[in-house]
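Counting with mature numbering (1 follows the signal peptide of the UniProt record, and there is no 0), you get residues -30 to -1, 1 to 87 for the letters of the sequence shown.
Ideal placement from N, C-alpha and C gives every residue a C-beta, glycine not left out.
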Amino acid sequence: MTMPPTKFSRQLFALFTVTFFRWLVGPCEVVEREFGGHMERNVVHITKCRVLEGTKCIGICTNMCKMPCQSFIKESLGMPINIVPNFDEMSCEMVFGEDPPPESSDPAFSAPCYERC
């Protein structure tokens, strides 16, 4: 079942994520951002990503989390999502309703590996 990307569904996806996936992704909260000219609560801010913290590997983040999650959520649930990692802080933002940039221009793929990688 897919939901059309409306303000209600974008905010519902964000609320669902922080309610049911905190154990998987780490501490997180819904934050309000400008979207399409108005404010929405469609962004999940993960303050300390468990994938990055546990693996300390940018490649695992981008190839085993970011890309598969973006594809699954869009293809299976009909919701565009852009997952934006912050490798310096090991945090992440999930922006529901926003298409990700092409891999060739996505800043996440130009980040260098951590020293221990």
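Legend entry - Identity of the residue in V(-6), R3, F(-11) nearest I67 by Cα: Walking along the sequence shown from the start, residue 67 turns up at place 97. In the sequence as displayed, the identity of residue 67 is Gly instead of Ile. Ranking V(-6), R3, F(-11) by Cα distance to G67 puts R3 first.
Inset, instruction - Closer than 6 Å by C-beta to V65: which residues in its own chain qualify, once you throw out the five before and the five after it? Chain order, please. - result: One-based indexing of the sequence shown puts residue 65 at position 95. Closer than 6 Å at Cβ, skipping near neighbours: V13, N52.
Inset, instruction - Under 8 Å by Cβ, that's how I've got C19 and S61 pegged, so tell me the actual separation to the nearest angstrom. - result: By 1-based counting over the sequence shown, the position of residue 19 is 49. By 1-based counting over the sequence shown, the position of residue 61 is 91. Indeed they touch by this definition, with Cβ atoms about 6 Å apart.
Legend entry - Close Cβ partners of G29 (< 6 Å) along its chain, the five nearest in sequence each way excluded: On the sequence shown, residue 29 is found 59 positions in, with the first residue counted as 1. The answer is none, since no qualifying residue turns up.
Inset, instruction - Determine the contact status of H8 and E63, defining contact as a CB-CB distance below 7 Å. - result: Residue numbering aside, residue 8 sits at position 38 when the sequence shown is read from its first letter. Residue numbering aside, residue 63 sits at position 93 when the sequence shown is read from its first letter. With respect to E63, H8 sits apart: the two C-beta atoms are not nearer than 7 Å.
Legend entry - Environment of P77 [buried if 16+ CB atoms lie within 10 Å]: Counted from its first residue, the sequence shown places residue 77 at position 107. By the beta-carbon neighbour count (other beta carbons within 10 angstroms, threshold 16), P77 is exposed.
Inset, instruction - Output yes or no for whether 7 Å exceeds the beta carbon distance between R(-9) and V(-1). - result: Indexing the sequence shown from 1 puts residue -9 at position 22. Indexing the sequence shown from 1 puts residue -1 at position 30. Cβ distance not < 7 Å, so R(-9) and V(-1) don't count as in contact.
Legend entry - Backbone secondary structure at E(-2) - three-state DSSP: Position 29 of the sequence shown, counting from 1, holds the residue named residue -2. Assigned with DSSP and collapsed to three states, E(-2) falls in strand.
Inset, instruction - Mind checking which residues open and close the alpha helix (DSSP H) that includes S80? - result: Along the sequence shown, read from residue 1 onward, the residue named residue 80 stands at position 110. That residue, S80, is in no alpha helix (DSSP H); it is neither H nor E in DSSP.
Legend entry - Proximity test, Cβ basis, 7 Å: C39 and chain B: Looking at the structure shown, chain B is missing, and only one protein chain is on hand.
Legend entry - C-alpha gap between G6 and D69, whole angstroms: In the sequence shown, residue 6 corresponds to position 36, counting from 1. In the sequence shown, residue 69 corresponds to position 99, counting from 1. Approximately 13 Å between the Cα atoms of the pair.
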